[in-house]
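Numbering (our numbering), first residue to last: 1 to 301.
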């Protein structure tokens with residue numbers, strides 16, 4: 001421990017939209033011979049997209065070969081990072097199309113869904129999508145994924161197309177603390193000690209040890225229109241590949257009264273690159289003491 005430098009904890013509260021951010025409690029940690037610290041955290045609203053802009057089709061060519069097609073019906077906006085949820089045979093599964101989808105175009109996401117017989121009664125729900133102006137999109141950055149270049153073949157017949165919404169006031173959890181059912185996504189992005197604006201984040205799961213500074217986790221949960229502001233604690237457990245925890249963070253977060261989707265972020269790292277050594281890591285997030293999601297990333301040479 002003699003070679004470990006001391007770093008001061010820094011907490012940064014950012015007010016986004018209507019939510020008043022509360023102080024975070026983030027602990028310092030020794031990390032493979034070096035010291036890392038928690039950076040700023042942020043809580044905010046994810047603006048939902050109109051269902052009239054995106055049409056979601058789900059189909060299965062066989063009992064295990066299914067796909068989701070997202071078609072952009074908007075005349076003005078391009079979309080990327082389209083999150084959706086599939087409900088089938090009593091199961092729920094989340095998916096995301098990372099393509100940049102221009103007006104009139106589409107992206108496709110494939111998955112194996114296991115059925116005992118020919119699938120039926122599959123439902124799909126649009127959770128959220130990030131809109132971008134056409135000009136901004138065409139200038140483009142290196143987003144993950146690519147546009148589907150051809151139509152779904154005639155042999156792939158859509159078995160079920162069902163866009164569904166919950167009734168007003170209905171939620172997935174019996175209380176105000178999110179559960180696994182409220183989970184939408186867990187993603188990572190790099191920043192300095194301060195977080196980045198939502199529209200500027202470049203999400204990735206592979207980072208460079210020689211260049212990365214702070215690695216941020218971003219949790220998105222759904223709690224449609226709770227009717228009042230709700231607040232709760234989120235705990236994040238940073239883990240090594242073998243599952244051992246090397247850092248624990250506690251963030252006070254919440255949802256505004258009219259929010260449907262909300263995000264919470266917190267980071268770990270150092271202002272100078274080199275604090276992260278190569279390896280495989282994960283972040284498990286809990287609320288109310290229960291696991292609601294986990295994400296994985298790698299740091300390479």
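All C-beta atoms, glycine included, are put in the ideal place defined by N, C-alpha and C.
Please report the straight-line C-alpha distance between residue i and residue j, rounded to a whole angstrom.
{"i": "residue 80", "j": "residue 191", "result": "21 Å"}
{"i": "residue 247", "j": "residue 271", "result": "18 Å"}
{"i": "residue 124", "j": "residue 59", "result": "10 Å"}
{"i": "residue 263", "j": "residue 122", "result": "28 Å"}
{"i": "residue 243", "j": "residue 229", "result": "35 Å"}
{"i": "residue 104", "j": "residue 67", "result": "19 Å"}
{"i": "residue 240", "j": "residue 254", "result": "28 Å"}
{"i": "residue 107", "j": "residue 98", "result": "8 Å"}
{"i": "residue 92", "j": "residue 250", "result": "28 Å"}
{"i": "residue 164", "j": "residue 298", "result": "Here the model assigns residue 164 a pLDDT of 25, short of 50, so the residue's position is not dependable and the matter cannot be decided."}
{"i": "residue 276", "j": "residue 193", "result": "14 Å"}
{"i": "residue 278", "j": "residue 75", "result": "45 Å"}
{"i": "residue 214", "j": "residue 291", "result": "24 Å"}
{"i": "residue 252", "j": "residue 223", "result": "16 Å"}
{"i": "residue 53", "j": "residue 198", "result": "21 Å"}
{"i": "residue 259", "j": "residue 126", "result": "15 Å"}
{"i": "residue 233", "j": "residue 100", "result": "34 Å"}
Run the CB neighbour count on residue i, radius 10 Å, all protein chains shown included, and call it buried at 16 or more, exposed below.
{"i": "residue 289", "result": "exposed"}
{"i": "residue 200", "result": "exposed"}
{"i": "residue 178", "result": "buried"}
{"i": "residue 206", "result": "exposed"}
{"i": "residue 269", "result": "buried"}
Our contact map puts residue i next to residue j with C-beta atoms below 8 Å; I'd like the distance itself, whole angstroms only.
{"i": "residue 216", "j": "residue 188", "result": "6 Å"}
{"i": "residue 183", "j": "residue 212", "result": "With a Cβ gap of about 26 Å, residue 183 and residue 212 do not count as contacting."}
{"i": "residue 261", "j": "residue 130", "result": "Residue 261 to residue 130, Cβ: 11 Å. No contact."}
{"i": "residue 208", "j": "residue 300", "result": "6 Å"}
Any beta carbon of chain C sitting closer than 7 Å to that of residue i?
{"i": "residue 131", "result": "Although the question refers to chain C, the structure presented lacks it and comprises just one protein chain."}
Here's a check: name, in chain order, each residue in its chain whose Cβ is nearer than 7 Å to the Cβ of residue i, leaving out the five neighbours to either side.
{"i": "residue 55", "result": "71 and 73"}
{"i": "residue 257", "result": "226, 227, 228 and 229"}
{"i": "residue 175", "result": "Any reading at residue 175 needs caution, since the residue's pLDDT is 37, under 50, leaving its predicted position unreliable; the model's value is listed next. Nothing meets the Cβ criterion."}
Once the 5 residues before and after residue i are set aside, which same chain residues still bring their CB inside 6 Å of it?
{"i": "residue 286", "result": "235"}
{"i": "residue 296", "result": "282"}
{"i": "residue 280", "result": "241 and 298"}
{"i": "residue 102", "result": "78"}
Below 8 Å CB to CB, which residues in the same chain sit around residue i once its five sequence neighbours on both sides are set aside?
{"i": "residue 95", "result": "68, 83, 84, 85, 86, 109 and 111"}
{"i": "residue 284", "result": "236, 237, 239, 291, 293 and 294"}
Looking at the ligand HEM, does it come within less than 6 Å of residue i, judged from the CB to the closest heavy atom?
{"i": "residue 249", "result": "Of ligands this structure carries none, so the ligand HEM is not represented either."}
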